[in-house]
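Residue numbers (my numbering), protein chains in the order written: chain A, -12 to 154; chain B, 1492 to 1627.
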């Protein structure tokens, strides 16, 4: 049973987050020792699995990585291809932040980064949707595109986190 | 795990930090990254057209101490070398010189990739030069 089945949400990148949370709460309740009565090893394992499924699917990057793995794409460690434009922009943004760590710069960069994250997620949504109609080489190409988009998203998410922490 | 004294030295006194004009035909620029840790590294070479040697190198790295040290060391090593010699530098040599622990080996890989990317960029620029400019 995969994480999507475990939390009873349709398999795909565009997960309904409200439904995901509701199903997570219901599933946690079902395997909570207070309700099950005994904290057997099995229940404990199931509870851990439910938690893992939720944290994975809740986060766009985690969800994308997980879905890509289910579809047979390559993992983050084996492919570090990133769009050169993304690297340049990250380089520039980090340089700007270094030189001028004040509120104004940070605010602009946060805005830019949030936009890029949104944009990457839209791309992921489209590419994962496209995937189900593809086979062979065309599928492999799209899987590679998804890999690259996920790598880009990771950069922007990291940058966003760093910008946020220093704000 | 503590950083080695060599890493600390490069980290505290990085060599060759800065950048060259990206559009200069004698400059090669390589920007590489490791998505899993978020490091970005830019390494640039400036080639002397008469000798074919890398006469200067600069870098800018946003990442951990090992990534900074690896790229700093890389610029030191490639200065004065020919393109072919610079291409021979292996990440394992960087690991050895800086005594990088296994979890930081990817930083040295990044530095090797950056050298290659910069050289590749330079060679591409040379190949795309108008004929009369490259005839000498």
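Quick reminder that beta carbons are idealized off the backbone N, C-alpha and C, glycines included.
- In the three-state scheme derived from DSSP, where H, G and I count as helix and E and B as strand, residue 1553 of chain B is classed as strand.
- Residues of the region 1544 to 1568 of chain B with a C-beta atom less than 9 Å from some C-beta of chain A are 1551, 1553, listed in chain order.
- Collapsing the DSSP output to three states places residue 1535 of chain B in a strand.
- Listed along chain A, no residue sits closer than 9 Å to residue 1616 of chain B by beta-carbon distance, the nearest being about 15 Å off.
- At a beta-carbon threshold of 8 Å, the residues of chain B lying near residue 141 of chain A are 1526, 1527, 1529, ordered along the chain.
- Residue 1572 of chain B does not reach chain A, its nearest Cβ partner there being about 25 Å away, counting only Cβ pairs nearer than 8 Å.
- Beta-bridge pairing by DSSP links residue 1525 of chain B to B:1530.
- With contact defined as three or more Cβ pairs closer than 8 Å, the region 88 to 96 of chain A and the region 106 to 125 of chain A are not in contact.
- Of all alpha-carbon atoms in A:47, A:56, A:80, the one lying nearest the alpha-carbon of residue 110 of chain A is that of A:47.
- Here DSSP, grouped into helix, strand and coil, assigns residue 1520 of chain B to strand.
- Taking the beta carbon of residue 1607 of chain B as reference, no residue of chain A falls within 8 Å; the closest one sits roughly 14 Å away.
- Neighbours of residue 74 of chain A in chain B, taken as residues at a C-beta separation under 8 Å, are given in chain order as 1522, 1523, 1524, 1531.
- At a C-beta separation below 8 Å, residue 78 of chain A has these neighbours in chain B: 1522, 1531, 1533, 1551, 1553.
- If you check the CB distance, residue 1605 of chain B and residue 1565 of chain B come in under 8 Å.
- Put simply, the CB of residue 95 of chain A is far from chain B, with every gap to its CB atoms at 8 Å or more.
- Just so you know, the alpha carbons of residue 1530 of chain B and residue 1558 of chain B end up roughly 8 Å apart.
- Around the beta-carbon of residue 101 of chain A, fewer than 16 other beta-carbon atoms lie within 10 Å, marking it exposed.
- Sequence-distant Cβ neighbours of residue 1608 of chain B in its own chain, meaning closer than 6 Å and more than five residues away, are 1521, 1523.
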